[in-house]
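**Q** One structure, as structure tokens, below. Some questions next.
Protein chains: 2
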Amino acid sequence: MLTLVPIRVKTPKMSGLFNMAQGKLSRFFNYKNPSSSASSSSSRLRTVRAKSGSLSYISSKYESLDYDTCENQLLVDEERTRGYTYVVQTDVARWFLFFLIGIFTAGLGVFTDVSIAYLADIKYKVLKYYMDKCLLEQCVYLTYGMWLTLVLVPVLVASILVVYIEPAASGSGVPAVIGYLNGVKMPHVVEVKVLIVRMLSTIATCVGGLAGGKEGPMIHSGAIVGGSLATLWLPGLGSHSVLHYFRQDHEKRDFVAGGSAAGVAAAFGAPVGGVLLSLEEGTSFWSLSLIWKIFLSSMVATFTLNLSLSAVEGHPGQLTHPGLLFFGKLNDTITKYEVFELPIFILMGVIGGLLGAVFVAINMRLMVFRMKHIKKKWVKLLEALTVGFLTATCGMVSIYSLDYCRDYTEASPKFAVQMFCTGSKHNELSAFWFQKSEDTLRSLFHDPKGSYSVVPLVVFFLMYFCMSIMTTGLSVSAGVFVPALLSGAAWGRLIGIGIQHVFPEAAWAEPAKYAVIGAAAHLGGICRISISLTVMMIEATGNITFGLPLMLTLITTKWIGDFFTEGVYEMQIYLNGVPLLPSAPPPLSSDIKATDVMSAPPVVFPSKVKVARIIDTLDNVPHNGFPIVDPTTATNHGVLKSAGRLKGLILKSQLLILLHSKSFNEVVPSTSEQLRKKLHMFREAYAKYQKIQLRSGWIEDVQITEEDYEQTLDLRPYMNPSPYTVKLDASLPRIFRLFRGLGLRHIIVVNDVNEVVGMVTRKDLARYRTWRHAGTMGLKELRVQV
Amino acid sequence: MLTLVPIRVKTPKMSGLFNMAQGKLSRFFNYKNPSSSASSSSSRLRTVRAKSGSLSYISSKYESLDYDTCENQLLVDEERTRGYTYVVQTDVARWFLFFLIGIFTAGLGVFTDVSIAYLADIKYKVLKYYMDKCLLEQCVYLTYGMWLTLVLVPVLVASILVVYIEPAASGSGVPAVIGYLNGVKMPHVVEVKVLIVRMLSTIATCVGGLAGGKEGPMIHSGAIVGGSLATLWLPGLGSHSVLHYFRQDHEKRDFVAGGSAAGVAAAFGAPVGGVLLSLEEGTSFWSLSLIWKIFLSSMVATFTLNLSLSAVEGHPGQLTHPGLLFFGKLNDTITKYEVFELPIFILMGVIGGLLGAVFVAINMRLMVFRMKHIKKKWVKLLEALTVGFLTATCGMVSIYSLDYCRDYTEASPKFAVQMFCTGSKHNELSAFWFQKSEDTLRSLFHDPKGSYSVVPLVVFFLMYFCMSIMTTGLSVSAGVFVPALLSGAAWGRLIGIGIQHVFPEAAWAEPAKYAVIGAAAHLGGICRISISLTVMMIEATGNITFGLPLMLTLITTKWIGDFFTEGVYEMQIYLNGVPLLPSAPPPLSSDIKATDVMSAPPVVFPSKVKVARIIDTLDNVPHNGFPIVDPTTATNHGVLKSAGRLKGLILKSQLLILLHSKSFNEVVPSTSEQLRKKLHMFREAYAKYQKIQLRSGWIEDVQITEEDYEQTLDLRPYMNPSPYTVKLDASLPRIFRLFRGLGLRHIIVVNDVNEVVGMVTRKDLARYRTWRHAGTMGLKELRVQV
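These protein sequence lines map, in sequence, to chains D and X. The opening position of the first sequence corresponds to residue 1 in full-length UniProt numbering, with each subsequent residue numbered one higher. The opening position of the second sequence corresponds to residue 1 in full-length UniProt numbering, with each subsequent residue numbered one higher.
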């Protein structure tokens, strides 16, 4: 008799883990270091029992990526038989893939650029037509209606795509990339579907005219290109293909890093800035050879972008054409500065830091509100439309009510409207509302003295600052870079006008210069990026002179901003409960020991195990890795119950693949051919399996018969025979460094005689978070949310 | 009765280790992985038994730095009592020290710059006077004699300083900094004495006119400034001072990284390039917070430099003065390029790679010759003088024999000589021999079309290329950057002239542009640095337009160069047997197990140990770390003899300090005050002790009486209670990643029941080196030289 029983491995509900965490908290406070004279540790550590929607919890739904190679017999045998030719081949393939990443990412960048430019042109042409016409015929309502339509329809498209088709494509995507590069398995973050939705939604958002840019999404798109190429599944890819080799988390991570750098390069035309941003934001795992490859893909991306854009703009092959620069070429008369201006730059850095902190603080409250009250899909859609409505209304009201005129010049916006201005003049606010935000930015950076009046700038800054706060975190695909630069350029220009007013004769009092500094300060205050931002500004303006003032401003901004809040990306990451690990362990934590940190008791397997036991365990326990032990040797050496002497580690994913392939009751594979076949099976499953597991937590076509239940599985050839371990008296910093430095997913805690007593995973470490604000700091223990 | 017996701990002779290594080699080939079907590993691994003076050995005289914190009871107690205020204080102190590093390094830079400029001015003035005078009076021998004197006297000074006073100041110092940042304790590398000798020797070398630059030495000087500030010993520094906290290897390393970046910034005025060079060359240990601090010190260095230089040059406060740029401001007409020039740039990259490989190959043979035959001090001096003689003679001969004339212009060298030229013309070779090499470089980068004739350029290139090969590795302090840039600019300009000849009408055929590309390619071919070099060129020319061609050229150069040889720094490092660890483990090595890698049997101590035993061990064994075991539990579980169950790890340096302080027969310190006193003792010893140990291997004033011999020392409060361990079946890549990723010095190998069976140190891992050239690769096992 044969009955088919589809096994269903649960999505991690982690009720057990949660209780454990609670238990550990109390244990922590009772635990006394025997050799210590006083236990002042409990007074030092603030336990935080915050709910979701605060910065003080971590969610258990995020798993670690597995950067540790499983050196089981399969891998050892492969290395033995393949030889160095294979290594050279994979190396060449790797370079080639990085090259392709550059090309493809730039292709996406050009597509986005051109689509937005084309559609926005149509939009502003139509609007201008109605504006000019209705002014004569007194039909303001018609103009307003048309404006609303041309904003709301694209916003609707952008929002529907994100809300109904792929929620992972909302926002800028940068926090997801940061999380991924830090080693967190962010759901859906490197899927092609996300890429497509993100591209379309971004185009719609930008055309709609929301305060969101295409640059953040480009970084995420690049990362997806990288990740997808790494696990590309070509038909007819033989089992010997070198591409199989890249089906490992740490290889994929390298491609993702390359892709995100290429994304920056394609967004700003800033290859070095791209490499640096990838370093600054995802600095977790770096090596010189990786830097070289990332450098190649950013460079290729920039070349491809410039070649394509120079053709689109009608100067094919002219790579030095100034129009290719993202911010337009700044000439030296603008950027010249004197030593006595340095205090002004520092002051602007302070302002940028303060405004950035205000931005993050308000945006955080908004995000919390959204998490609590805007949960239904149609409400999300409605919210996006509301923001769109406000955006259009702001534009309409300001352009109608503010009557500032300015002569037509070469630099005037293409679709500048005349409004109530006479003769050869146009309304000054056209520059703000009748061109793409990138073009507005360029105007603020380049227009000569006297181009802007104070009142329109103030009004625009206030409106746009509020709009950018509302748009960040909205259910559309939109980045924060360009809106931040634009707000900053507005107040920077205002300061410039002020200085010009005080020193009317001074040649150095050039408002455009202060607009550039203001833009950098504002963005720096929000995102807290420095070196890469400096280099990006330099590369995008084609002018190096300004490097030092930019750095000075940005370092001031960073200090001031950090005094009050996190950066916007960190805030978003923490608010989502992503267990990000910082680069250094929390200070003063060496009295927290492995016994306080670990999850215990561990769930283990013997090296030969009944299928029934595996299925039962997978069904009931949410863990992703299981120590393999020799249970016969389990002693109760010490206080903690041991589960037996450590033999190795097996992952849930490996178990599922073994179940799926029904590798039961087998003689251990010993010939190279058998071993290679098995290895191929694992690699093949990597690409397919990850998606399936992420979506539902089980492999759909694992069909286990009742007979199978009684079979045994020999785990020895597949397990990792020497996983990293720590002893139970190892301190938190020591465990942290091991985990973070090597990008691990599991650390096994053993007792004095190498018997397993517990496990440490990312959640156990990310729970301890250092906070530093307003000159003080401390350590808090976060709650793990199920 | 009391007899004083000064103990003398030997400098590491390591005869034991050597035998062990030999033994291990044979063991390796006999060792069979029981589960493997075929042992093809022995055929894959080439064992290299090369002697000193080859690239294939590592010297046992280099120890690892200790980046792992020893979390003993002293530290745990300190953390418990200090609290977060202390953490904030150390953080503020750290930022402040990075600020100071920037200031001091820039100060050194300005001092060097100004001294060289002043002395070189005098030199060329005198020379010109004799040149012009003797031409009329036919006293060529007098000019030649004067020239020789003005070269040989400075060279003599430069060489005497290095040969007789501080040999660690020879060369550029960059390899030493790379080694240090990689985690190797390079002897004397961060001492103030080296700094002073290096500064003076560099000035003398540059004034003498050898083909050596001041930039490499500046990087090393910056590193010394960083390292010295970290361990600064101020009188009246109480035991509570936060500065004590920085007396740890990993803190010092961060300051050294900051200093080297500030050095680059002060040498080239390139703050971002400095950060990147520090990253590219010393990429081992990075974190975001470190990047921020390094960024600060480079920025401060550049500001200080620019402020000082603008004052020196007579434009105080004008930070944008183009004269401040190291290579002079390149204007856009020079750097404009078309897409069809890209193949030319790639071709120049190929040439740069080939010439770089030739440079490295010849220079390596020269270095080997030096190591074998130029050992005596006076011979070294003589060699330096010979190179000086050749340099002066080359200049003299070429200027007399080549009769090319050129009009005086604004760009003409200040001390251009007329020679046989008539009227308002001067000899074209003046630009090469009658100004500092930096100025020659600027001329090649900026002089308009037609400034140079082909023959002088060819002659100069050949002479200078040979000279720079000879000067690299000479016993003077001199860097390779500027000579390499200069040689490259010469052949680049030649290519430019060729192109101009073929396309006489083309506006784009600008020789200066190709000089810039050639310079980058040549330096890239020699040093194999890319991103940082690109950014440095951009920052030093004040022009961003050229970024992409530079990158394209440099990536080509890197590929071509690596096809044939290592870079010059790597070559120097390997030739000196420095056990540098690359960022990734050797490929295909997972069948090499801990038993093959480790040194066994380990030398261990019980936790309470007789002084006599410690002294005896330290006297006979060169090891720097000793596992603490519980010998009563030693079983012979498995084949390998165990030394007892692991309890902790104690360092030789700790033992020496304990002996010195005579902490015998003590009750274990338990109150916070006692513990803090002990900790202070260790920290205080850190700065003093390192120097002493490095010089002679023993602490001079450790005086042990016969009575003391019978005392016992309780090591428990001082030992590291949970050192990192691996099991004896752990693979080489796994051990490597642990060691490299965490910057360890010792890894203890334990058996199945956590009993010590061996030790792994840097040498054991660095022995396995991957080579890749000419499209093939392999793994070789190096010999450890005693």
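A virtual CB, placed ideally from N, CA and C, is assigned to each residue, including glycine.
With 16 other CB atoms within 10 Å as the buried threshold, where does SER138 (chain D) fall?
**A** First, the amino acid is wrong: residue 138 (chain D) is Gln here, not Ser. GLN138 (chain D) comes out exposed.
**Q** Report the neighbours of ILE555 (chain D) on chain X: residues whose CB is nearer than 9 Å to its CB, in chain order.
**A** Those within 9 Å of ILE555 (chain D) in chain X are TRP292, PHE295, LEU296 and MET299.
**Q** How about ARG772 (chain X): is its C-beta nearer than 9 Å to some C-beta of chain D?
**A** yes
**Q** Does the beta carbon of TYR718 (chain X) come closer than 9 Å to any beta carbon on chain D?
**A** no
**Q** Quick check on the burial criterion: 16 or more other C-beta atoms within 10 angstroms. Buried or exposed for ASN620 (chain D)?
**A** exposed
**Q** I'd like the span of the beta strand (DSSP E) that includes ASN427 (chain X), first residue to last.
**A** 425-427
**Q** Would you kindly work out how many angstroms separate the C-alpha atoms of ARG676 (chain X) and PRO627 (chain D), rounded to a whole number?
**A** 40 Å
**Q** Check each residue of the region 527-541 of chain X: if its Cβ is closer than 7 Å to any Cβ of chain D, include it; give the result in chain order.
**A** SER530, ILE531, THR534, VAL535, ILE538 and GLU539
**Q** Give me, in chain order, the residues of the same chain whose beta-carbon lies closer than 8 Å to that of TRP286 (chain X); leave out the 5 immediate sequence neighbours on both sides.
**A** LEU279
**Q** Quick one: what's got a C-beta closer than 7 Å to MET777 (chain X)'s C-beta in the same chain, skipping five residues either side?
**A** THR770 and TRP771
**Q** Between which two residues does the alpha helix (DSSP H) holding LYS125 (chain X) run?
**A** 84-137
**Q** Determine, using beta carbons only, whether LEU402 (chain D) comes closer than 9 Å to chain X.
**A** no
**Q** Measuring alpha carbon to alpha carbon, tell me which residue in D:GLY208, D:MET199 and D:GLY226 is nearest GLU215 (chain D).
**A** Of D:GLY208, D:MET199 and D:GLY226, the residue nearest in Cα terms is D:MET199.
**Q** For chain X, is any of its Cβ atoms less than 9 Å away from the one on THR79 (chain D)?
**A** At residue 79 (chain D) the sequence reads Glu, which differs from the Thr that was named. So yes, GLU79 (chain D) belongs to the interface.
**Q** What's the C-alpha gap between TYR404 (chain D) and MET367 (chain D)?
**A** Going by C-alpha positions, TYR404 (chain D) is about 37 Å away from MET367 (chain D).
**Q** Taking the beta carbon of GLY145 (chain X) as the centre, do at least 16 other beta carbons fall within 10 Å, making it buried, or is it exposed?
**A** exposed
**Q** Less than 7 Å between C-beta atoms, sequence neighbours within five positions excluded: which residues of the same chain meet that for ILE374 (chain D)?
**A** LYS380 and GLU383
**Q** Quick one, which residues of the region 733-754 of chain X are near chain D if we go by CB-CB under 8 Å, in chain order?
**A** The residues in question are PRO733, ARG734, ARG737, LEU738, GLY741, LEU742, VAL750, ASP752, VAL753 and ASN754.
**Q** What number of angstroms, rounded off, separates the C-alpha of ILE592 (chain X) from the C-alpha of SER298 (chain X)?
**A** For ILE592 (chain X) and SER298 (chain X), the gap between their C-alpha atoms comes out near 43 Å.
**Q** Rounding to the nearest angstrom, what Cα-Cα distance links HIS244 (chain X) and SER289 (chain X) in this structure?
**A** 20 Å
**Q** Whose CA, out of X:CYS421, X:GLY102 and X:ASN306, lies closest to the CA of LEU135 (chain X)?
**A** X:CYS421
**Q** Using C-beta distances below 7 Å, list every residue in its chain close to VAL609 (chain X), excluding the 5 sequence neighbours before and after it, in chain order.
**A** THR712, LEU713 and LEU715
**Q** Given a cut-off of 9 Å on the beta-carbon distance, is the pair LEU181 (chain D) and SER115 (chain D) in contact?
**A** no
**Q** By Cβ distance below 7 Å, which residues in the same chain neighbour ASN72 (chain X) in space, the five residues on each side in sequence not counted?
**A** PRO717, TYR718, MET719, ASN720 and PRO721
**Q** What is the rounded straight-line gap between the Cα of GLU706 (chain D) and the Cα of MET571 (chain D)?
**A** 50 Å
**Q** Rounded to whole angstroms, what's the CA-CA distance from residue 806 (chain D) to VAL360 (chain D)? Just pull it up for me.
**A** Absent from the structure is residue 806 (chain D), since the part of chain D shown begins at 1 and ends at 786.
**Q** Between THR565 (chain X) and chain D, is the shortest Cβ-Cβ distance under 9 Å, so that the two count as touching?
**A** no
**Q** For ALA730 (chain X), which residues in chain D fall below 7 Å Cβ to Cβ?
**A** SER722
**Q** Report yes or no: is there a C-beta of chain X within less than 9 Å of the C-beta of THR776 (chain D)?
**A** Closer than 9 Å: yes.
**Q** Mark LYS647 (chain X) as exposed unless 16 or more other C-beta atoms lie within 10 angstroms of its C-beta, in which case mark it buried.
**A** buried
**Q** Excluding the five sequence neighbours on either side, which residues of its own chain have a C-beta within less than 6 Å of the C-beta of ALA265 (chain D), listed in chain order?
**A** Leaving aside the five residues that flank ALA265 (chain D) on each side, the residues in its chain whose CB is nearer than 6 Å to its CB run, in chain order, PRO271, GLY274, SER298, ALA301 and THR302.
**Q** For the region 249-287 of chain X, which segments carrying the beta strand (DSSP E) assignment without a break, of at least 3 residues, lie completely within its bounds, in sequence order?
**A** none
**Q** Would you please verify whether the beta carbon of VAL275 (chain X) is less than 9 Å from any beta carbon of chain D?
**A** Yes, its Cβ sits closer than 9 Å to a Cβ of chain D.
**Q** Can you list, in chain order, the residues of its chain whose CB lies under 6 Å from that of HIS188 (chain D), leaving out five sequence neighbours each side?
**A** ALA168 and VAL194
**Q** Scan the region 587-610 of chain X for residues whose Cβ lies nearer than 7 Å to a Cβ of chain D and list them as they occur along the chain.
**A** PRO587, LEU588, SER590 and ASP591
**Q** What residue range is occupied by the uninterrupted beta strand (DSSP E) comprising PRO721 (chain D)?
**A** That residue, PRO721 (chain D), is in no beta strand (DSSP E); it is neither H nor E in DSSP.
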